[in-house]
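K.L.:
Position in the sequence shown counted from 1, then plus 106, gives you the working numbering.
No residue lacks a Cβ here, since even glycine has one placed at the ideal position from N, Cα and C.
Let me give you the structure first, and then I'll get to my questions.
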Amino acid sequence: MIDISVTEPRCDVDPRPPLGGGYRSYPVDAPLRKLRNRISMLAKMKARGELAALRRLNSGRSDKSALFRLLTDCVPQQLLGSGSAPVGAPGSELDMVRRFSAVASMMALRPEGLRTWSLGRAMAEAGVTELRLSIFLAARGDIFRDLARRLARRLAYHAEVLPYLDLGRLLLMESLPQYTNDTDSVRIALARDFCRSARSISPTTEGKAGTKSTDE
Numbered sequence: 107m108i109d110i111s112v113t114e115p116r117c118d119v120d121p122r123p124p125l126g127g128g129y130r131s132y133p134v135d136a137p138l139r140k141l142r143n144r145i146s147m148l149a150k151m152k153a154r155g156e157l158a159a160l161r162r163l164n165s166g167r168s169d170k171s172a173l174f175r176l177l178t179d180c181v182p183q184q185l186l187g188s189g190s191a192p193v194g195a196p197g198s199e200l201d202m203v204r205r206f207s208a209v210a211s212m213m214a215l216r217p218e219g220l221r222t223w224s225l226g227r228a229m230a231e232a233g234v235t236e237l238r239l240s241i242f243l244a245a246r247g248d249i250f251r252d253l254a255r256r257l258a259r260r261l262a263y264h265a266e267v268l269p270y271l272d273l274g275r276l277l278l279m280e281s282l283p284q285y286t287n288d289t290d291s292v293r294i295a296l297a298r299d300f301c302r303s304a305r306s307i308s309p310t311t312e313g314k315a316g317t318k319s320t321d322e
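Structural data, given as structure tokens:
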């Protein structure tokens, strides 16, 4: 077990600002930033075993002790679901732990490359097509989580950075009635930034981006 209970330096510094001006925060942003800082700290400490355990969270052979240490330190109890909800229902304790598990596993793919800025821009620069974007934005539930994991792997291995904030927001808030307006806002901003970035990519750059990886 890695002891990282010491005060952590602020790691959430972005090399470039998001497109489009204004910035909006969401109820899940604080725990997402804490998770990001903690996972970045694990990478700096070369805690390879801990990070490998987090990457395996979605496999049947995963050790979830690393996840529960993160949740205990970074996520307030009120965001870990309602005990009164049916087991496995959206917003239940089991459902929220699964959502945070998906987020932590995604972050552990590229802990040194986690950034807050636009997921839409990163998708455009990685050569994601408009069709793939439309499918991603329309998906819900388990289908969305599967697409989000695939997208995170693609960006982790083929993009400049892994924008964790928008992915994390959608993973934590989608399909929950209290966050309907918030998730719609995230999707609209994502689509806007994707379109702006795609228009700014020259044909030569677009061709290079498309050769980095095939669609999932």
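Tell me residue 190's beta-bridge partners as DSSP assigns them.
P.N.:
DSSP lists no partner for residue 190.
K.L.:
To the nearest angstrom, how far is the alpha carbon of residue 269 from that of residue 262?
P.N.:
Those two C-alpha atoms are separated by around 9 angstroms.
K.L.:
Three-state secondary structure (DSSP) at residue 268?
P.N.:
Residue state, collapsed to three classes: strand.
K.L.:
Residues in the same chain with beta-carbon distance under 8 angstroms from residue 177, minus the five sequence neighbours each way, listed in chain order, please.
P.N.:
Correct list, in chain order: 186, 203 and 206.
K.L.:
For residue 145, count neighbouring Cβ atoms within 10 angstroms of its own Cβ and tell me buried if that reaches 16, exposed if not.
P.N.:
The residue in question, residue 145, is buried, as its Cβ has 16 or more Cβ neighbours within 10 Å.
K.L.:
If the criterion is Cβ atoms closer than 9 angstroms, does the pair residue 292 and residue 260 meet it?
P.N.:
Not in contact: residue 292 and residue 260 (Cβ atoms no closer than 9 angstroms).
K.L.:
Which parts of the region 129 to 168 are runs of the alpha helix (DSSP H), unbroken and 4 residues or longer, counting only runs that do not cross its ends?
P.N.:
135 to 150 and 154 to 161, all fully within the region 129 to 168.
K.L.:
For residue 281, tell me which candidate among 171, 150, 250 and 211 has the shortest Cα-Cα distance.
P.N.:
The shortest C-alpha separation from residue 281 is found at 250.
K.L.:
Answer yes or no: the CB of residue 289 versus the heavy atoms of the ligand SAM, is any distance below 8 angstroms?
P.N.:
The model on display carries no ligand, and the ligand SAM is accordingly not part of it.
K.L.:
For residue 197, collect the residues of the same chain with a Cβ closer than 7 angstroms to its Cβ; drop the 5 residues on either side in sequence, then sort them by chain order.
P.N.:
So the qualifying residues of the chain are 187, 188, 191 and 282.
K.L.:
Given this structure, state the Cα-to-Cα distance separating residue 285 from residue 136, to the nearest angstrom.
P.N.:
Roughly 16 angstroms separates the two Cα atoms.
K.L.:
Could you tell me how far apart the beta carbons of residue 181 and residue 277 are, in whole angstroms, since I believe they sit closer than 8 angstroms?
P.N.:
So it is not a contact: roughly 13 angstroms between Cβ atoms.
K.L.:
Looking only at DSSP bridge pairs, what is residue 220 linked to?
P.N.:
According to DSSP, residue 220 bridges with 268.
K.L.:
Residue 241 and residue 253 look like a contact to me (Cβ under 8 angstroms); what is the Cβ gap, rounded to whole Å?
P.N.:
Rounded, the Cβ-Cβ distance is 7 angstroms, consistent with contact.
K.L.:
First and last residue of the alpha helix (DSSP H) that includes residue 304?
P.N.:
That run of the alpha helix (DSSP H) goes 286 to 306.
K.L.:
Could you check if residue 237 is buried or exposed, using at least 16 other CB atoms within 10 Å of its CB as the buried criterion?
P.N.:
So residue 237 counts as exposed.
K.L.:
Could you have a look at residue 203 and say whether DSSP puts it in helix, strand or coil?
P.N.:
Of the three classes helix, strand and coil, the one that applies to residue 203 here is helix, per DSSP.
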